[in-house]
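Chains as they are written, first to last, in this note's numbering: chain P, 104 to 270; chain F, 256 to 365. Ideal placement from N, C-alpha and C gives every residue a C-beta, glycine not left out.
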Amino acid sequence: MIDKIFFILSALTVISASMVIISRHPMRSVLYLVLTFFLISAHYVLMNAQFLALVNIVVYAGAIMVLFLFVIMFLNLNKEIEQHKGLVIWLAAIIAGGSFMLLTMAALSKTTLPQATDANYNIGLVENLGATLYKEYLLPMEISSVLFLIAMAGVVLLGRKEKIIVE
Amino acid sequence: METAAPQIFSSIPLTHYIMLSAALFMIGLIGVMVRRNVIIVFMCIEIMLNAANLMLTAASSYYGNAAGQIMVFFTMAVAAAEVSVGLAIIVMIYKNLRTINLDVFNKLKG
């Protein structure tokens, strides 16, 4: 039963991720990417990592994709259909990507993964991961807030109107 | 709160998740090489980030070590900051050049 769910979810994930790069319309790409993120969240739920599933939906599908949609609508790009590159570029890219995949598979076939023995399966629940985050990883957590402050200041600085317009 | 181990750890080997992550990463890589729209290239980078996140989460869940999932959490935080700055740069480039075709952005080439 669960292996059927896994294979269906994986197939849907790969198909919707491919549609992101195939579809010509930027708006459709964004919507397919949102679908991909939801399917990846389903994988997280399948692996008993509920906290990450929630954060993935809230941060990626919620915040980041809204930013993308906002920029596409703001720049009014939904009319501009980009013409695709030639077949040669597609072929070269697929060969390059496929050789990456081949390399991964070859490395995987030579590797024996260690067997999980006394694994704790509850680490991904919200309360357990939150406790770990605030007990053991408090300093990186605080530093990431500084990162957000810097990012915010940087965005404000970048988006500021230029005072001198050179003709 | 003790629950039984989810069925997935016994029925799906970790290798399947490695293959799925590699496939997603490959799709993102092909997209970066093929598409010329900056926003779509940016989205392909997000797909690659998510493939890495999926791999980290799978390994972390299968071996019962929370460090991988914490790493994914911080990756998501950094990705959010990165996207905000990157989109601001794209908007400013569009204001100056009136296009988002990557082939036009060769002013820094010298």
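I'd like to know whether the C-beta of MET310/F is nearer than 7 angstroms to at least one C-beta of chain P. Walking along the second sequence from the start, residue 310/F turns up at place 55. No, MET310/F lies away from the interface with chain P (no Cβ there is under 7 angstroms from its Cβ).
Where ASN356/F sits in the DSSP three-state scheme: Position 101 of the second sequence, counted from the start, is the residue given in the question as residue 356/F. Residue state, collapsed to three classes: strand.
Since ASN407/F sits in a beta bridge, which residues does DSSP pair it with? The structure shown does not extend to residue 407/F, since chain F is modelled only from 256 to 365, so the question has no answer here.
VAL123/P burial status per 10 Å Cβ neighbour count (16 or more: buried): Here residue 123/P is taken as the residue at index 20 of the first sequence, counted from 1. Label assigned to VAL123/P: buried.
Boundaries (first-last residue) of the alpha helix (DSSP H) holding TYR135/P: Position 32 of the first sequence, counted from the start, is the residue given in the question as residue 135/P. Run containing TYR135/P: 129 to 149, per the alpha helix (DSSP H) assignment.
Check whether the Cβ of TYR237/P lies closer than 7 angstroms to any Cβ atom in chain F. In the first sequence, the residue the question calls residue 237/P occupies position 134. With 7 angstroms as the cut-off, TYR237/P does not count as an interface residue toward chain F.
Taking a cut of 7 angstroms between CB atoms, which residues from the segment 237 to 264 of chain P lie near chain F? TYR240, PRO243, SER247, LEU250, PHE251, ALA254, GLY257, VAL258, LEU261, GLY262
Name, going along the chain, the residues of the segment 289 to 306 of chain F whose beta-carbon falls closer than 8 angstroms to a beta-carbon of chain P. VAL289, ARG290, ARG291, ASN292, ILE294, ILE295, PHE297, MET298, CYS299, GLU301, ILE302, ASN305
For LYS350/F, the three-state DSSP class (helix, strand or coil): Indexing the second sequence from 1 puts residue 350/F at position 95. In this structure, DSSP gives LYS350/F a helical state, which the three-state scheme calls helix.
Name the chain F residues that come within less than 9 angstroms of LEU178/P, Cβ to Cβ? Locating residue 178/P in the first sequence gives position 75, where the first residue counts as 1. The answer, in chain order, is ILE294, ILE345, VAL346, TYR349, ILE355.
VAL293/F and ILE345/F: beta carbons closer than 7 angstroms? Locating residue 293/F in the second sequence gives position 38, counting from the first residue. Locating residue 345/F in the second sequence gives position 90, counting from the first residue. Here VAL293/F is near ILE345/F, since their CB atoms are less than 7 angstroms apart.
Does the segment 334 to 349 of chain F come close enough to the segment 236 to 243 of chain P to have 3 or more Cβ pairs within less than 8 angstroms? No contact exists between the segment 334 to 349 of chain F and the segment 236 to 243 of chain P.
Range covered by the alpha helix (DSSP H) that runs through ASN223/P: Numbered from 1 along the first sequence, position 120 holds the residue referred to as residue 223/P. Per DSSP, ASN223/P belongs to no alpha helix (DSSP H) and is neither H nor E.
Using a beta-carbon distance below 7 angstroms, is ALA152/P in contact with chain F? The sequence position of residue 152/P within the first sequence is 49, counting from 1. Closer than 7 angstroms: yes.
With a CB to CB cut of under 7 angstroms and the five nearest residues on each side skipped, what residues in its chain are close to ARG291/F? Looking up residue 291/F in the second sequence gives position 36. Excluding sequence neighbours, ARG291/F sits near ASN356, LEU357, ASP358.
Would you call the CB atoms of ILE226/P and ALA321/F closer than 7 angstroms? Position 123 of the first sequence holds residue 226/P. Position 66 of the second sequence holds residue 321/F. Yes. Within cutoff.
Can you tell me where the alpha helix (DSSP H) holding SER126/P begins and where it ends? As a position in the first sequence, residue 126/P is number 23, starting the count at 1. Element bounds for SER126/P: n/a, residue is neither H nor E.
Per the contact definition of three or more C-beta pairs closer than 8 angstroms, is the segment 149 to 168 of chain P in contact with the segment 310 to 321 of chain F? At 8 angstroms Cβ cutoff, the stretches touch.
From LEU172/P, ALA166/P, ALA195/P, PHE109/P, residue whose alpha carbon lies closest to that of ARG131/P: Stepping through the first sequence from its first residue, residue 131/P is reached at position 28. Each of LEU172/P, ALA166/P, ALA195/P, PHE109/P was checked against the Cα of ARG131/P, and the nearest Cα belongs to LEU172/P.
Who are the neighbours of LEU352/F on chain P, taking C-beta pairs under 8 angstroms? The residue labelled residue 352/F in the question sits at position 97 within the second sequence. When 8 angstroms is used as the limit between beta carbons, LEU352/F is near no residue of chain P, the shortest such separation being about 12 angstroms.
Give me the chain F residues within the contact set of GLY165/P, using Cβ-Cβ distance strictly less than 7 angstroms, ordered along the chain. As a first step, residue 165/P must be located in the first sequence, where it is residue number 62. Going along chain F, no residue has its Cβ under 7 angstroms from GLY165/P, so there is no contact; the nearest lies around 10 angstroms.
Using a threshold of 7 angstroms, state whether the C-beta atoms of VAL327/F and ASN308/F are closer than that. What you label residue 327/F is simply residue 72 of the second sequence in a count that begins at 1. What you label residue 308/F is simply residue 53 of the second sequence in a count that begins at 1. Contact: yes.
Counting only runs that start and end within the segment 265 to 348 of chain F, where is the alpha helix (DSSP H) found for 4 or more residues in a row? The segment 265 to 348 of chain F contains, as complete alpha helix (DSSP H) runs of 4+ residues, the segments 269 to 289, 293 to 318 (chain order).
C-alpha distance - ILE348/F paired with LEU260/P, whole-angstrom precision: Numbered from its first residue, the second sequence carries residue 348/F at position 93. Numbered from its first residue, the first sequence carries residue 260/P at position 157. Going from the Cα of ILE348/F to the Cα of LEU260/P covers about 14 angstroms.
Assuming ALA306/F contacts LEU279/F under a Cβ cut-off of 8 angstroms, what Cβ separation, rounded to an integer in Å, is found between them? Within the second sequence, numbered from 1, the residue matching residue 306/F stands at position 51. Within the second sequence, numbered from 1, the residue matching residue 279/F stands at position 24. About 4 angstroms; that satisfies the 8 angstroms criterion.
To the nearest angstrom, report how far apart ASN159/P and LEU211/P are at their CA atoms. For the purposes of this step, residue 159/P is identified with residue 56 of the first sequence, where counting begins at 1. For the purposes of this step, residue 211/P is identified with residue 108 of the first sequence, where counting begins at 1. Going by the C-alpha atoms only, they are around 28 angstroms apart.
ILE105/P in three-state terms, based on DSSP: Mapped onto the first sequence, residue 105/P falls at position 2. The answer is helix: DSSP assigns ILE105/P an H, G or I state.
From VAL137/P, SER126/P, MET104/P, ARG127/P, residue whose alpha carbon lies closest to that of THR116/P: As a first step, residue 116/P is located in the first sequence; it is residue number 13 there, counting from the start. Considering only alpha carbons, the answer is VAL137/P.
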